[in-house]
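Shown next, in structure tokens, is the structure this report addresses.
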Amino acid sequence: MIRFDLSRRFFRVWQRNFVVYRKTWKIGFIPPLLEPLFYLAAFGVGLGVMVGSVNYAGEKIPYTTFIAPALIAVNIMQSAFFETTFASFVRMFYQKTFDGMLATPLSVDEVITGELLWGATKSAIGTFLMMLVISAFGLLHYPGALLLLPIAFLGGLAFACAGMVCTAIVPTIEVFNLPIFLFITPMFLFGGTFFPLSNLPAWAQIVAHTLPLTHLVELCRGVSLGGLRSHLLYSLLYLLFWIALFYPLAIVLMRRRLIK
Amino acid sequence: MTETPATPLVHAQNLRKEYGAMTAVDGVTFSIRRGECFGLLGPNGAGKTTTIRMLYGFTPRTSGSLELFGTDCDGSWRTIKSRIGVCQQDNTLDPDLTVVQNLNVFGRYFNLSRARLQTRIDNLLRFAALDNRRDADVRGLSGGMVRRLVLARALINEPELLILDEPTTGLDPQSRHQLWSRLEDLKAQGLTTLLTTHYMDEAERLCDRLVIMDQGRILVEGAPSELINAHVGRTVIEIMAPGNNIRTLLQEKSVAFEDLGHRLIVYHRNGEELYRELISGEYREGCMLRPATLEDVFLRLTGRDLRE
Ligand SMILES: Nc1ncnc2c1ncn2[C@@H]1O[C@H](COP(=O)(O)OP(=O)(O)O)[C@@H](O)[C@H]1O
Ligand SMILES: [Mg+2]
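Sequences listed follow chains A and B, in order. Under our numbering, the first residue of the first sequence is numbered 19, with each subsequent residue one higher. Under our numbering, the first residue of the second sequence is numbered 122, with each subsequent residue one higher.
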């Protein structure tokens, strides 16, 4: 069992990132607003004409309705993962921001926890903005879709922890291409995002179910379509389990990297 | 131990730090009294940064004991850190933030209240002569302004101990003097300071007491003038392009000198007489008498080899 050296001061680290974000929020807002438009135009309208509708959970639903929640899930994954890999690495390695923090009454655990929660927050902000756009097309079912926000935070935290584990072990910033190519991209393509998992061979379905994006997509799609199903509980437990595993791992590895 | 005015602010005993097979700090012992400026001098790689990192709890020590403010550091690191201000050797200013945001965000790491921070920041910006740069991007500041902001940031929590790791390295003479005069102001206000440097003029000007370190060990400890007296003497004669007969002459007089080939350096308790003798003879040119400095002590003790 590891012992955390954690007080509420981690909020100060979160706050630091929020101050920086507020300086550039006008630029930060653009991708989550435009991205769903691009994807819905390309995949939904362009591809959707060919695909028409999709069989999902025993129902036929339009292709755009099918992919819209997955776009949100993908954005949750990418913004949190990007934040705790590239952005955290720049702060840690190039800007020595963590070194500065560690000369104050902040512990390594608090610095990392603040970073992780910030990654989750960015996912939630992105989700909120995407919901505005996607709702305009009537593709989300309310009030259930409001659950996307807490799901975004939880899923964001899961991917933030995974990203931070990478940050703790990569020697240089270029090495992040490796987890992106081996972990993020396959999930993006095969995590039940752009076609139903049932199209895959059985073994591939099993593999897909060991990966976090699959469960995040399930959750997002489940609450967006309305009608909560019991299998969502498994996906929720999966994400909680993932966090319970990767949060302590991120802390331990980061202690090893930062404490010299 | 409880804290009384006589308690040393820092009491380090036998501090050691090993990195694998390499020993960065090899058993150093020193105390810092309240109100003094204490110097940690040494060439690159001597272990200065590692020593002070152990002091402010950034680096865990391999062995040795450490008391700050009369309290053992292992227990209450958070309280201890809240009473220290640190200027690290690397620039750790937040380039994503403006000047005033840097101070504000840093102050919040100490949980300072908004009202207290407000007045503190105004004072510190004036102190650092940065009040007209409040909203400037820190990336656009000159080297001197950066160091003054780092100093201001280290003072945000009104520390009782200020730790400075090579505060003026890389600065131009004007900026160095600016920073020194600020450090002197702080000292006049009674702030205890621990300073590392490899500039001897800086140490001589600022430090009440100092230690010279090399290869992780303390070589000597004392006030700058004491050290000069004890290890060099009062005066130094430098002889350029010396011939062999002067070497013989000095040996006959059993005067200690350092032979750099093209230059002889004579350390002498009473150099005036010898100097007069030399310039009245064949060494009218190329012979120079000067007061001994801390740099002579440093070079004498740590040698003239390059450290990289
Ligand atoms: N994190 C580290 N890992 C391994 N060796 C280190 C580390 N930090 C410092 N050292 C080594 O310890 C020695 C002392 O370094 P340092 O304390 O930075 O010296 P100074 O500040 O006096 O220049 C150097 O030889 C340095 O290479
Ligand atoms: Mg150093």
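Cβ atoms here follow ideal geometry from the backbone N, Cα and C, with glycine treated the same way.
For A/ILE130, count the other beta carbons within 10 Å of its own beta carbon; 16 or more makes it buried, fewer makes it exposed. Which is it?
With 16 or more other Cβ atoms within 10 Å, it is buried.
Hey, quick one: how far does the beta strand (DSSP E) through B/ARG330 stretch, first residue to last?
Looking at the DSSP string, the run of the beta strand (DSSP E) that includes B/ARG330 is 330-335.
Please decide whether B/LEU286 counts as near chain A, where near means a Cβ-Cβ distance under 8 angstroms.
Note that residue 286 of chain B corresponds to Asp in the displayed sequence, not to Leu. Not one chain A Cβ lies under 8 angstroms of B/ASP286.
If we count the other Cβ atoms within 10 Å of its Cβ and call it buried at 16 or more, is B/ASP258 buried or exposed?
When all chains shown are included, B/ASP258 counts as exposed.
Would you say the beta carbon of B/CYS290 is closer than 7 angstroms to some non-hydrogen atom of ligand 1?
According to the sequence shown, residue 290 of chain B is Thr rather than Cys. No - ligand 1 has no heavy atom lying nearer than 7 angstroms to the Cβ of B/THR290.
Looking at the strands, I want to know which residues DSSP matches up with B/HIS111.
Lying outside 122 to 429, the shown extent of chain B, residue 111 of chain B is not represented and no answer is given.
For A/LEU120, which residues in chain B fall below 7 angstroms Cβ to Cβ?
Chain B residues near A/LEU120: PHE179.
If I measure Cβ to Cβ from A/THR232 and keep anything under 6 angstroms in the same chain, skipping five residues before and after, which residues do I get?
Once the five neighbours on either side are set aside, the close Cβ partners of A/THR232 are GLY209, GLY210 and ALA226.
Would you tell me roughly how many angstroms separate the C-alpha atoms of A/ALA154 and A/HIS249, rounded to the nearest one?
Straight-line Cα distance between these residues: approximately 28 angstroms.
Use the C-beta contact count for A/THR82: other C-beta atoms within 10 angstroms, 16 or more gives buried, fewer gives exposed.
The residue is buried, with at least 16 neighbouring Cβ atoms inside 10 Å.
Among A/LEU150, A/MET119, A/LEU157 and A/ALA59, which has the Cα closest to the Cα of A/ILE11?
The structure shown does not extend to residue 11 of chain A, since chain A is modelled only from 19 to 278, so the question has no answer here.
Give the residues of chain B in contact with A/ILE277, contact being defined as C-beta atoms less than 7 angstroms apart.
The contacting residues are PRO181.
Any beta carbon from chain A within less than 8 angstroms of B/PHE190's own beta carbon?
It does not; no Cβ of chain A falls within 8 angstroms.
Less than 8 angstroms between the C-beta atoms of B/PRO280 and B/GLY206, yes or no?
A contact, by the Cβ cut-off of 8 angstroms.
Residue range of the beta strand (DSSP E) that B/GLY206 falls in?
Start and end: 205-208.
For a cutoff of 8 angstroms on Cβ pairs, would you count A/LYS44 as touching chain B?
No, A/LYS44 does not count as interfacial toward chain B.
Among B/ALA273, B/GLY402 and B/ASP329, which has the Cα closest to the Cα of B/LEU238?
Minimum Cα distance to B/LEU238 is reached at B/ALA273.
Kindly list, in the order they appear in chain B, the residues whose Cβ is closer than 7 angstroms to that of A/LEU124.
Those within 7 angstroms of A/LEU124 in chain B are TYR230.
Which chain A residues sit within Cβ distance under 7 angstroms of B/ASP217?
Chain A residues near B/ASP217: VAL38.
Give a single yes or no on whether B/GLU287 has its beta carbon closer than 7 angstroms to a heavy atom of ligand 2.
B/GLU287 Cβ: within cutoff of ligand 2.
Tell me, please, whether the CB atom of B/VAL220 is closer than 8 angstroms to any CB atom in chain A?
So no, B/VAL220 is outside the interface.
Assuming B/LEU327 and B/LEU422 are in contact, meaning their beta carbons sit under 8 angstroms apart, how far apart are those beta carbons, in whole angstroms?
20 angstroms between Cβ atoms; not a contact.
With distances taken Cα to Cα, identify the nearest neighbour of B/LEU427 among B/VAL376, B/ASP335 and B/GLY343.
With distances taken between Cα atoms, B/LEU427 lies closest to B/ASP335.
Ligand 1 and A/LYS278: does the residue's C-beta get closer than 7 angstroms to at least one heavy atom of that ligand?
Indeed, a heavy atom of ligand 1 lies less than 7 angstroms from the Cβ.
Can you give the Cα-Cα distance for A/PHE264 and B/ILE173, rounded to whole angstroms?
The straight-line gap from Cα to Cα measures roughly 33 angstroms.
Answer yes if the stretch 89-105 of chain A comes into contact with the stretch 45-61 of chain A, meaning at least three C-beta pairs across the two stretches below 8 angstroms, and no otherwise.
Touching, yes, given that three or more Cβ pairs across the two stretches are closer than 8 angstroms.
So which residues of chain B does A/ARG30 contact, with C-beta pairs closer than 7 angstroms?
Simply ARG229 and TYR230.
Who does B/PHE159 pair with in a DSSP beta bridge?
B/LEU315 and B/ARG330, per the DSSP bridge assignment.
Looking only at C-alpha atoms, which of A/GLY240, A/VAL183, A/VAL241 and A/GLY66 sits nearest to A/PHE100?
The shortest Cα separation from A/PHE100 among A/GLY240, A/VAL183, A/VAL241 and A/GLY66 belongs to A/VAL183.
Along chain A, in chain order, which residues have C-beta atoms closer than 9 angstroms to that of B/GLN134?
Neighbours of B/GLN134 on chain A: none; closest Cβ ~22 angstroms, over 9 angstroms.
Using a beta-carbon distance below 8 angstroms, is B/ASP211 in contact with chain A?
With 8 angstroms as the cut-off, B/ASP211 counts as an interface residue toward chain A.
Tell me whether the beta-carbon of A/GLY162 lies closer than 8 angstroms to the beta-carbon of A/VAL241.
It is a contact, given that the beta carbons lie within the stated cut-off.
Can you name the residues of chain A whose CB is closer than 7 angstroms to the CB of B/VAL259?
By Cβ distance, chain A contributes nothing, its closest Cβ being about 11 angstroms from B/VAL259, past 7 angstroms.
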